[in-house]
């Protein structure tokens with residue numbers, strides 16, 4: 001999961 | 001209706017006017033464009049009814065499998081009004097000569113083959129937005145945790161396509177099936193594109209942003 005941190009962050013953002 | 005509302009605006013490529021034309025410049029422009037489009041597409045995915053209810057891990061898995069299909073389908077739809085040209089962005093349209101210069105002739109020809117199919121069918125925006133959501137929900141990731149939830153999402157989108165065709169194209173009861181039958185060429189073309197950009201990445205001559213790299217690596 002650490003490898004895909006940008007995708008993870010963008011999906012978690014509420015906007 | 002929700003998918004039509006969720007459909008993002010086109011973005012601009014803005015190639016650097018101070019840099020002379022070259023394969024590296026064209027590929028740099030496309031990789032930068034792809035990176036920005038990916039951010040937009042992740043935001044879009046969150047508006048697909050049912051997608052945000054999937055686990056975060058499954059949302060990630062679907063996007064990691066389907067991102068290139070989404071990018072290509074968007075280019076294809078933007079290009080339907082033109083002949084033998086691909087509208088990567090409103091300010092970045094590639095013809096055969098530019099494709100050759102960028103080393104993308106084979107890939108762009110494959111994308112044009114897909115555009116030709118949709119042109120022949122007269123693909124509508126309603127069909128395009130559902131097909132794009134179906135491509136994501138049907139991206140066949142091997143890592144899905146809750147495959148029943150993903151199946152339900154596929155069923156809802158598939159149902160929306162059938163409802164649209166039943167009301168708008170009762171003269172052609174096979175239209176939904178015809179549209180679904182274009183998805184293998186989309187999958188094949190996306191795989192080619194990923195392969196091509198992976199080898200460009202290996203060459204190391206074209207700068208790539210982090211999200212694009214991250215998703216390319218997810219496919220490697």
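Residue numbers (my numbering), protein chains in the order written: chain A, 1 to 15; chain B, 1 to 220. Even glycine gets a Cβ: it sits at the ideal position worked out from N, Cα and C.
| field | Own chain residues within Cβ distance below 7 angstroms of residue 1 of chain A, not counting five before or after | value | Here residue 1 of chain A scores only 48 on pLDDT, less than 50, and its place in the model is too uncertain to base an answer on.
| field | chain A within 9 angstroms of residue 181 of chain B, Cβ atoms only | value | At least 9 angstroms separates the CB of residue 181 of chain B from every CB of chain A.
| said: Using the three-state DSSP reduction, which class does residue 34 of chain B fall into: helix, strand or coil? | reply: In the three-state reduction of the DSSP assignment, residue 34 of chain B falls in the helix class.
| query | In terms of residues, what are the limits of the alpha helix (DSSP H) holding residue 220 of chain B? | reply | Segment: none, residue 220 of chain B is in no alpha helix (DSSP H) and carries neither H nor E.
| Buried or exposed by the 16-neighbour rule on C-beta atoms within 10 Å, applied to residue 199 of chain B | Exposed is the call here.
| task | For residue 89 of chain B, name the three-state secondary structure that DSSP assigns. | result | Three-state result, residue 89 of chain B: strand.
| field | Which listed residue (B:205, B:171 and B:139) has its alpha carbon closest to that of residue 183 of chain B | value | When only C-alpha atoms are compared, the closest one is B:139.
| query | How long is the line joining the alpha carbons of residue 176 of chain B and residue 20 of chain B, rounded to whole angstroms? | reply | Those two C-alpha atoms are separated by around 45 angstroms.
| message | Just to confirm the assignment, what range does the alpha helix (DSSP H) spanning residue 194 of chain B have? | response | First-last of the alpha helix (DSSP H) with residue 194 of chain B: 183–203.
| With distances taken from CA atoms, which of B:99, B:89 and B:181 is nearest residue 15 of chain B? | The option with the nearest alpha carbon to residue 15 of chain B is B:89.
| query | What is the rounded straight-line gap between the Cα of residue 221 of chain B and the Cα of residue 12 of chain B? | reply | Only positions 1 to 220 of chain B appear in the structure, and residue 221 of chain B is not among them; the question remains open.
| task | Determine which residues share a DSSP beta bridge with residue 94 of chain B and list them. | result | B:86.
| Between residue 114 of chain B and residue 87 of chain B, is the Cβ-Cβ spacing less than 9 angstroms? | With respect to residue 87 of chain B, residue 114 of chain B sits apart: the two C-beta atoms are not nearer than 9 angstroms.
| field | Whole-number beta carbon distance between residue 62 of chain B and residue 136 of chain B, since they are thought to touch under 8 angstroms | value | Indeed they touch by this definition, with Cβ atoms about 6 angstroms apart.
| query | How many Å lie between residue 47 of chain B and residue 204 of chain B at the Cα? | reply | Here the C-alpha atom of residue 47 of chain B lies approximately 35 angstroms from the C-alpha atom of residue 204 of chain B.
| query | Between residue 45 of chain B and chain A, is there a C-beta pair that is closer than 9 angstroms? | reply | By this cut-off, residue 45 of chain B is an interface position.
| Taking the alpha carbon of residue 43 of chain B as the point to measure from, which residue in B:5, B:149 and B:174 has its own alpha carbon closest? | Measuring from the Cα of residue 43 of chain B, the nearest candidate turns out to be B:5.
| message | Mapping the DSSP letters down to three states, classify residue 51 of chain B as helix, strand or coil. | response | In the structure shown, residue 51 of chain B sits in a helix (DSSP, three-state: H, G or I).
| Hey, would you say residue 103 of chain B sits closer than 9 angstroms to residue 27 of chain B, going by beta carbons? | Yes; because the gap between Cβ atoms is below 9 angstroms, this pair is in contact.
| request: Kindly say whether residue 214 of chain B, judged by its beta-carbon, lies nearer than 9 angstroms to any beta-carbon of chain A. | output: Yes, residue 214 of chain B lies at the interface with chain A (some Cβ there is under 9 angstroms from its Cβ).
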